[in-house]
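Asks: Quick note, the sequences are listed as chains A and B, same order.
For this note's numbering, add 4 to where a residue sits in the first sequence, where the first one is 1.
For this note's numbering, add 4 to where a residue sits in the second sequence, where the first one is 1.
Before we start, here is the structure in question, set down as structure tokens.
There are 2 protein chains.
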Amino acid sequence: MQLRIPGPTPCPEEVLSSLSRQMINHRGEEFAELIWNLTERLKNIFMTKGDVFILTSSGTGAMEASIVNTLSPGDRVLALSNGFFGERFSGVASAFGAEVLKLDFEWGKAIEPEKVRDVLKKERDVKAVLVVHNETSTGLTNPLKEIARVVREYDRLLLVDAISSLSCIELPMDEWGCDVVFTGSQKGFMVPPGLSFIAINERGWEAYKKAKMPKFYWDLGKAKSFLEKGQTPWTPSIPIFFALDVALRLIEKEGLRNIFERHKRVADKVREGIKELGLSLFPDERYASNTITAVRSPDGLDTRELLKILREEYDVVLAGGQDRLSGKIFRIGHLGKVSEADMDEVLRAIGSALSKMRR
Amino acid sequence: MQLRIPGPTPCPEEVLSSLSRQMINHRGEEFAELIWNLTERLKNIFMTKGDVFILTSSGTGAMEASIVNTLSPGDRVLALSNGFFGERFSGVASAFGAEVLKLDFEWGKAIEPEKVRDVLKKERDVKAVLVVHNETSTGLTNPLKEIARVVREYDRLLLVDAISSLSCIELPMDEWGCDVVFTGSQKGFMVPPGLSFIAINERGWEAYKKAKMPKFYWDLGKAKSFLEKGQTPWTPSIPIFFALDVALRLIEKEGLRNIFERHKRVADKVREGIKELGLSLFPDERYASNTITAVRSPDGLDTRELLKILREEYDVVLAGGQDRLSGKIFRIGHLGKVSEADMDEVLRAIGSALSKMRR
């Protein structure tokens, strides 16, 4: 099967088999060695000298953690949004009582750093900026480096959703000046869902000290004090820790730089292949993502039917559009364990399914 | 190895091997069938006709969910506490702005329903009562049936931490009148950590409608609307779902009634064996738990050293005491996959390690 949704992504055999180990004591020495080791290696992927924590949750849990650990009810935040996950990030901040200033861009268009600057120049009391690095819903990578530069100019806190980018698309957190960055285990990491990873720097900790949003499960201060003992505050999902260990070994062996290039090569192939099939990309191509390709459904095509045929007749599982894009696009995930050959197979299946539908 | 901490508990071979399946689409038909099926079978374990949800988190996540889905900041709650987890439950409620009225009992003594009645009689504006069914920290099972009867008399909401009891010790939620009950995957269920289960009845949903505590990840209303589609709002930890399927089959085959009896038999054996070794139980024996035995450390015994010898020389992993009980007790977990033969081995190891230490 080609499971090519934007996550969970297929896991390598050695990752899957590592899941079957018997449980160990999460308050014992072996686990302590494991979590210290994994945490240090994750710092290399976040490219940070800050702190990294492993939470037992999906990526949205880490999104909530990024908000409640740095903000207080009533704090003004600038939420940049050009897709479903930008909306979600903004929604979490609102749910916890932040006063959210939304800066919306058309879905499929990139966030414009200049417009972010205009707002920050005017709105002096904005405490934090929320941004999604790679908008999974539209297959678009926002120009995070440039956005971060603007946020640093105005010295605001920058919280970054890197759920579908980290480990696949360059994101040197410290160099670019991002303060809190989070991701999930089931995307680029080639690990099953069940864990999320969140990195926080000194500015993030300064914000933590003043943050009054209620928190318990997501409290990074607790996570930090337990990590010193080689533990998590709450029982961690041990099998996914085992899997992460193996997956990081694969990532380290290939090398981050090579992984970024592979994702670019694979994405280029997908984009070309899609055009050769007479289809077009949904997002502004200059910002098309190297991990997810969103394809505009041709007029009159029943996208749901296309996905069903692909699934049932070709064993290729792709994703539809979310929310306002439902029925208007379909999405190909090409992140984590993915090769050009995988995408050849997917493209052939799409081509063949389309001609079948048009017959 | 005998991993006999109060959780994670050892997983059966067939549960472990089920973890290694390749990922599937969490928004696809196969997952929908799986989650609907698992949810119905979990209802049998909670003995409820209410709703049950599977969250990707540890048990403490479900504890937070029980609070934020039913309460508003400023609500008065009565937190019953006779151990570390009673304190935690109370702490979560405080963290989210509830006005917590604590009713404390000595650690190792049971909660007294009459004293709960005295408080509820006097304090007319208490909205909810928080109680831990099985206090993992002291090896004690609170008389939940009687406590629930009092709470029903006064028609308050009853939130129950059943993390180390559900599926091992009787807890017919509907019959006893509990409103929200939650547990974790890594205890009696013989499943690795990574999921929690939470059940909520009609009264719980009534409270939900008025509950103003901030929530996003834990929002059970969202969980309900996604479950109708056979989904979870956020990406679920798929391998642990596979494991739960297999573990529930084992539980159903043995039968809940037989499982309760096995836990009682095993616990009786442990308690007798401990006394035969000249040791004594920490909690009031009339309320000693069938899933965890807390043993008082004899005067002058270095508990840490005992646990180290057991671990290194006998391959038996037990737990120490938490918080104020650190160094004063040690704890044997006997829940989930456990037999009398397992406990024979553990008791022999304890006896042998003790004579070695006394030599």
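Ideal Cβ placement from N, Cα and C applies to all residues, glycine included.
Taking buried to mean at least 16 other C-beta atoms within 10 Å of its own C-beta, is K191 of chain A buried or exposed?
Replies: buried
Asks: Can you say whether M361 of chain A is buried or exposed, counting buried as having 16 or more other CB atoms within 10 angstroms of its CB?
Replies: By the Cβ neighbour-count rule, M361 of chain A is exposed, with fewer than 16 other Cβ atoms within 10 Å of its own.
Asks: Counting only Cβ pairs nearer than 9 angstroms, list the residues of chain A close to V321 of chain B.
Replies: I28, N29, G32
Asks: Whose C-beta lies closer than 6 angstroms to the C-beta of S22 of chain B among residues of the same chain, with five residues either side of it excluded?
Replies: F246, A247, V250
Asks: Which residues, taken in chain order from the stretch 192-210 of chain A, show a beta carbon closer than 9 angstroms to some beta carbon of chain B?
Replies: Residues of the stretch 192-210 of chain A with a C-beta less than 9 angstroms from any C-beta of chain B: P196, P197, G198, L199, listed in chain order.
Asks: Apart from the five residues on each side of it in sequence, which residues of its chain come closer than 8 angstroms, Cβ to Cβ, to K125 of chain B?
Replies: Y158
Asks: Quick one, which residues of the stretch 92-106 of chain B are near chain A if we go by CB-CB under 8 angstroms, in chain order?
Replies: G95, V96, A99, F100, G101
Asks: Would C15 of chain A count as contacting chain B if we go by Cβ distances under 8 angstroms?
Replies: yes
Asks: Identify the continuous alpha helix (DSSP H) that holds K47 of chain A and give its terminal residues.
Replies: 33-50
Asks: Mind pulling the chain B residues with CB within less than 8 angstroms of E68 of chain A?
Replies: F220, Y221
Asks: Since P197 of chain A and P240 of chain B are thought to touch, with beta carbons under 8 angstroms apart, how far apart are those beta carbons, to the nearest angstrom?
Replies: So it is a contact: roughly 6 angstroms between Cβ atoms.
Asks: So what does DSSP say about F334 of chain A, is it helix, strand or coil?
Replies: strand
Asks: Identify the continuous beta strand (DSSP E) that holds S219 of chain A and give its terminal residues.
Replies: Looking at the sequence provided, one finds Lys at residue 219 of chain A rather than Ser. Looking at the DSSP string, K219 of chain A is not in any beta strand (DSSP E), and its letter there is neither H nor E.
Asks: Cα-Cα, which of A:T140, A:G95, A:R153, A:R92 is closest to K119 of chain A?
Replies: A:R153
Asks: Here's the rule: buried if 16 or more other CB atoms are within 10 angstroms of the residue's CB, otherwise exposed. What is G65 of chain A?
Replies: buried
Asks: Flag Q3 of chain B as yes if its beta-carbon sits less than 8 angstroms from any beta-carbon of chain A, otherwise no.
Replies: Nothing can be reported for residue 3 of chain B, as the shown portion of chain B is limited to 5 through 363.
Asks: Count the other C-beta atoms from every protein chain shown that fall within 10 angstroms of the C-beta of S284 of chain A, then say buried if there are 16 or more, exposed otherwise.
Replies: Result: exposed.
Asks: Starting from S24 of chain A, find everything on chain B with Cβ-Cβ shorter than 7 angstroms and list it in chain order.
Replies: L20, S21, L23, S24
Asks: With DSSP as the reference, please indicate the residues paired to F201 of chain A in a beta bridge.
Replies: A:I58, A:T187
Asks: Since Q326 of chain B and A36 of chain B are thought to touch, with beta carbons under 8 angstroms apart, how far apart are those beta carbons, to the nearest angstrom?
Replies: That belief does not hold up - the Cβ atoms of Q326 of chain B and A36 of chain B are roughly 40 angstroms apart, past 8 angstroms.
Asks: Of all the CB atoms in chain B, is at least one closer than 8 angstroms to the CB of I313 of chain A?
Replies: No, because no Cβ of chain B sits closer than 8 angstroms to the Cβ of I313 of chain A.
Asks: Would G87 of chain A be called buried (16 or more neighbouring beta carbons within 10 Å of its own) or exposed?
Replies: By the 10 Å Cβ count, G87 of chain A comes out buried.
Asks: Can you have a look at N262 of chain A and say buried or exposed, based on whether 16 or more other CB atoms are within 10 angstroms of its CB?
Replies: exposed
Asks: Give, in chain order, every residue of the stretch 234-253 of chain A whose Cβ lies closer than 9 angstroms to some Cβ of chain B.
Replies: Here the close residues are T236, P237, W238, T239, P240, S241, I242, P243, I244, A247.
Asks: Helix or strand or just coil, what does DSSP make of G304 of chain B?
Replies: For G304 of chain B, the three-state secondary structure derived from DSSP is coil.
Asks: Using a C-beta cutoff of 8 angstroms, does S61 of chain A count as contacting chain B?
Replies: yes
Asks: Take R156 of chain A as the anchor and find which of A:L329, A:E210, A:T187, A:W180 has the nearest alpha-carbon.
Replies: A:W180
Asks: Between the C-alpha atoms of W2 of chain A and A99 of chain A, what's the straight-line distance to the nearest angstrom?
Replies: Any property of residue 2 of chain A remains undetermined from this structure, which presents chain A solely from 5 to 363.
Asks: Chain B partners of I9 of chain A, CB-CB under 7 angstroms?
Replies: Neighbours of I9 of chain A on chain B, chain order: N29.
Asks: Over the uninterrupted alpha helix (DSSP H) stretch that includes D348 of chain A, give me the two end residues.
Replies: 344-362
Asks: Taking the beta carbon of K219 of chain B as the centre, do at least 16 other beta carbons fall within 10 Å, making it buried, or is it exposed?
Replies: buried
Asks: Among residues of its own chain, excluding the 5 on either side of S168 of chain B, which ones have a beta-carbon nearer than 7 angstroms to its beta-carbon?
Replies: P10, G11, N138, T140, K191, T295, I296, L339
Asks: Going straight from the alpha carbon of W40 of chain B to that of I244 of chain B, what length do you get?
Replies: 15 angstroms
Asks: According to DSSP, what are the bridge partners of S284 of chain B?
Replies: B:R300
Asks: Check whether chain B comes within 8 angstroms of E65 of chain A, counting only Cβ atoms and requiring the distance to be less than that.
Replies: Per the sequence presented here, residue 65 of chain A reads as Gly, with Glu not at that position. Interface residue, yes.
Asks: What residues from chain A crowd round P12 of chain B, counting only those whose CB sits closer than 7 angstroms?
Replies: M27, H30, T239, I242
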